[in-house]
Structures are given as structure tokens and as C-alpha cells.
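Notes follow once the structure below has been shown.
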Amino acid sequence: MKYLEAIGKYFIMIWEVFKKPTKWPIMRSLILKEIDELIFGAMGIIIFISFFIGGVVTIQTALNLNSPFLPKSLIGFATRQSVILEFAPTFTSIIMAGKVGSYITSSIGTMRVTEQIDALEVMGVNSLNYLVFPKIIATMMYPFAVAVSMFVGILGGWVAAVFGGYAPSGEFIKGLQMDFDSFHVTYAFIKSIVFAFVIATVPSFHGYYMKGGALEVGKASTTSFVWTSVVIIIVNYVLTQLLLG
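Written out as C-alpha cells, the structure is:
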């Protein structure tokens, strides 16, 4: 019953977010601030991890395709499929759940502890719209981060293949072009948009409704990361079944 209550409260929160919107001049500055902090602030770690994940995928694929009858182009093909379909949208989302989600929970939770949210309510401001709506809009730019992750991941795979001696550059690029289905990129972007909504709202829920003091803010950040990751994995399964099944 506790989990059902939390799920119901979550959907009520989503409904309240879109009621009584804040004035646009104020909202615009909030959205730009959140884009800078949530998206561009996370680009460094996304690029770093994507590059090495792409390299690892390439090396593992090359070591398992050691038959002389298998063309080296399969290494590029497997790297492309792995990075585009799963590693870029899903693995990057788990990273964002840790970095961005913890930031969202701790920032809103701190405002709850210091009674700043109560002050907003007293002034007649819809605190959920003021705090959560800019984060939802900002994370809608998340597909841009996923696109960068795809490119950097494949680049890391190419570097590992060529400089590691696992496949010539021409064969790797031939594998990247082999049987390319543009819907796979669309599928990855659809997933990333849904994941972005989860990353913006689930941590906000844990921060907004938390109770206690500074110690509970840390606990809420940990809990939000766990539940955000769980929701992402479940949604990933459902979307994969619906879009590719």
C-alpha cells in the first residue's frame, strides 16, 4: 500500500506541475538556468564514459569474433548496434540519474528543509510548477546529449579497432554502414525523451515530499537514484517490446 500511495502521489504531482503556470519572463530564465546545469553540466562525464564504453564494446566484440571466416566489418556493425540501441540512450540515462537526479533531489530537498517551498506557497506561487516544470523542459534537450554519446561512442570504437589492431579503418566503417536502419536512431531518441521525463520528475518527487533535516536530504538523494534507475530499466523493457518487438 505504501508503494501504491507513492505512485498515486507522484501522478498527482505531475498534474499539479502543469497547473497555474509561472509568468513566462521568470520561467524563461529558470529554464535556461536548468539547461545549463542539467544538460551542459553533464556533457563532460557523458563524453568521457561514452568514448571508453565504445572502445570496450569494440574490443570485446573483436575478441569474440576470432574466426577467420567472419569479416572484420562485423566488429563495426556490432559496435554501432550496441551503442545506438542500448549503451547511448540507456547507459547514459543511468549516469544522468546519478549526477542530475541527485542534484535535483538535493536542491529541492534543501529548499523543503529550509522552508523556501513554504515561502513560495505563501506568496501564491505554484511551487511545483516553479521548481519542476523548468527541469522537465530542460531535460527535453536530453536527446542532444544522447546523439553526442552515440557519436563519441562509435568514435571510441573506431579508435580502439584501428589503433588496437582489431580491424582496419575501412572494414570498421563498412560495418558501420552495413544494414543500417534509421528507425533504430528514432527508437533511441524516443527512449531518451521518456527517460528524460523520468529523470526530471522522479528525483523531484523525492526532494519535494521529503521530511526531516539535512541528513534526510542525503538519504532522499540515494533513494531517488535507486528508484529512478529502476523506473528507467522497466520503461526500457516496455519501450523495447513496443517499438522493436
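Quick note: this note's numbering has the sequence shown finishing at residue 267, numbered continuously throughout. We put the CB at the ideal spot given by N, CA and C, even for glycine.
- Distances from the CA of Ile48 to each of Phe155, Asp203, Ser246, Asn88 were compared; the closest alpha carbon is that of Phe155.
- If only uninterrupted beta strand (DSSP E) runs of at least 3 residues are considered, none is enclosed by the region 174-251.
- Runs of alpha helix (DSSP H) with 4 or more residues, each lying fully within the region 64-118, are found at 65-86, 95-104, listed in chain order.
- In the three-state scheme derived from DSSP, where H, G and I count as helix and E and B as strand, Met35 is classed as helix.
- When C-alpha distances from Ser124 are compared across Glu59, Asn151, Leu85, Gly98, the shortest belongs to Glu59.
- Apart from the 5 residues on each side of it in sequence, Val220 sits with its Cβ closer than 7 Å to the Cβ of Thr250, Val253, Ile254, Val257 in its chain, given in chain order.
- Between Ile68 and Gly229, the C-beta spacing is not below 7 Å.
- Close CB contacts of Ala160 within its chain, under the 7 Å cut and outside five residues either way in sequence, are with Ile53, Glu56, Ile57, Leu60, Ile61 (chain order).
- Secondary structure at Pro156: helix, using DSSP grouped into helix, strand and coil.
- In the pairwise beta carbon analysis, the region 99-109 is classified as touching the region 68-87: at least three pairs are separated by under 8 Å.
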